[in-house]
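S.K.: Below you will find the structure I want to go over with you.
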Amino acid sequence: MMAPMRRRTLFTAALPAFAAAQAITDGTATTAEVIIDRPASGKPHSGKVLAAIQPHADDIPLFAGGTVAKLIAEGYTGHLIRMTNDDMAGPGTIGDTVLANEKDNAAVARILGLQKVFNLNYSNHQMDQESTLEIRARLIFLFRLLRVDTVICYDPWGHYEENPDHYVTAKAVEAACWMAGGSKDYPEHFEAGLKPHGVSEKYYFARGPQLVNRVVDIAPFVEKKVEANRSNVAQGPAGSNGARLRRSLAEKGLRLPALGENDEAASDNYIRHILMQRDMEAGRKYGLAYAEPFHYIGPPADLVGDYVKKHAVPLR
């Protein structure tokens, strides 16, 4: 039998791990410290480059549209990378669906202020059959070409993600961020004039539980987010979601006053009153009107530089 003192010591040592496990039991779980990222005046991020990376045309608008708009307003130059052609999510034939989503994706970039759009055109729902080496290599090339400092993407460590496009993209992005900074991976890039360039900041969002350590106040950018989601007609909330819900309720003898009195109003009201609930709930926890939660990873600590500053002395 374990001695009482040893049992007590073991239990005490396990408490931090237990607390960490408890911290990821819901979609907005937190670490010990959550930073609230509020809108900044001026252009504090001038000269920096971000890549908003989404498997599908509606991912960035849904989960990070306000944050992208905020960072662009604060000086970032931004680009949009879409991994799939969205051929399984939209109206009409597969060809109709691909074209409709391509148009929606371009509209999202324009509304959020993203300059270039890269469509990598993998088949929707099929990314887990693709070469992870190829996906990663293409991202490394883009990170070096565009000199990306910051990425916004799905969390590679998010829990219970069921869509293979989401988790394959997230894992490839995570690896490409640091490999792009190496001097030996894909040396042919350097012959073409590119240089090593690692990504130093990551804003990761998730559909399910994740460790949240940064909450971005998006209240001033809500209209941009609404507009970006309104542009997603093929598969997003600007399609038939609001009208379909309105008609479904009417068949049951019910109505939602917030949806309005016709299908056209229902689409916009669906975005404002139902879709934005997630952002309102995330903000409410921190005294904000609207917020987007992320697991944020910033630049690594400069241990060598800090040590030199603290301990270096003049040569004698």
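Quick note on numbering: the working numbering labels position 49 of the sequence shown as 59, and the sequence is numbered without any gaps.
For glycine and all other residues, C-beta sits at the position ideal for the given N, C-alpha and C.
Since the structure is predicted, the reported quantities are computational estimates derived from the model, not experimental observations.
1. Assign L130 to one of three DSSP states: helix, strand, or coil.
2. Return no unless some Cβ of chain C is closer than 8 Å to the Cβ of N272.
3. Roughly how many angstroms lie between the CA atoms of T160 and N242, to the nearest whole one?
4. If you follow the beta strand (DSSP E) that N223 is in, where does it begin and where does it stop?
5. Is it the case that the segment 69–83 contacts the segment 250–263, given that we only count it when at least three CB pairs across the two stretches are under 8 Å?
6. Which first and last residues belong to the beta strand (DSSP E) in which P303 is found?
7. Inspect the beta-carbon positions of G85 and P49 and report whether they are closer than 8 Å.
8. Please classify H305: is it buried, with 16 or more other beta-carbons within 10 angstroms of its beta-carbon, or exposed?
9. Hey, how far is the Cα of F215 from the Cα of P197?
10. Which residue marks the beginning of the beta strand (DSSP E) containing V59, and which one marks its end?
11. Determine the direct distance from the alpha carbon of V318 to that of L325, and round the result to whole angstroms.
12. Quick check on the burial criterion: 16 or more other C-beta atoms within 10 angstroms. Buried or exposed for G168?
13. Do the segment 129–139 and the segment 89–99 make contact, defined as three or more Cβ pairs closer than 8 Å?
M.R.: Result, derived from the coordinates:
1. Here residue 130 refers to the residue found at position 120 of the sequence shown. Three-state DSSP puts L130 in a strand.
2. The structure shown contains no chain C; it is built from a single protein chain.
3. Position 150 of the sequence shown, counting from 1, holds the residue named residue 160. Position 232 of the sequence shown, counting from 1, holds the residue named residue 242. Whole-angstrom Cα-Cα distance: 24 Å.
4. By 1-based counting over the sequence shown, the position of residue 223 is 213. Counting along the chain, the beta strand (DSSP E) containing N223 begins and ends at 222–227.
5. No: fewer than three Cβ pairs fall under 8 Å.
6. One-based indexing of the sequence shown puts residue 303 at position 293. It spans 301–307 - the beta strand (DSSP E) in which P303 sits, taken as one unbroken run.
7. Position 75 of the sequence shown, counted from the first residue, corresponds to residue 85. Position 39 of the sequence shown, counted from the first residue, corresponds to residue 49. At a Cβ-Cβ threshold of 8 Å, G85 and P49 do not count as neighbours.
8. Working through the sequence shown from its first residue, we reach residue 305 at position 295. H305 is buried by the Cβ-count criterion.
9. Working through the sequence shown from its first residue, we reach residue 215 at position 205. Working through the sequence shown from its first residue, we reach residue 197 at position 187. C-alpha separation (whole angstroms): 32 Å.
10. By one-based count along the sequence shown, residue 59 stands at place 49. Run containing V59: 59–64, per the beta strand (DSSP E) assignment.
11. The residue you call residue 325 lines up with position 315 of the sequence shown. The residue you call residue 318 lines up with position 308 of the sequence shown. Rounded to the nearest angstrom, the two C-alpha atoms are 14 Å apart.
12. Counted from its first residue, the sequence shown places residue 168 at position 158. Using a 10 angstroms sphere on the CB of G168, the tally of other CB atoms reaches 16 or more, which defines it as buried.
13. Taking one beta carbon from each stretch, the segment 129–139 and the segment 89–99 have 3 or more pairs nearer than 8 Å; the two touch.
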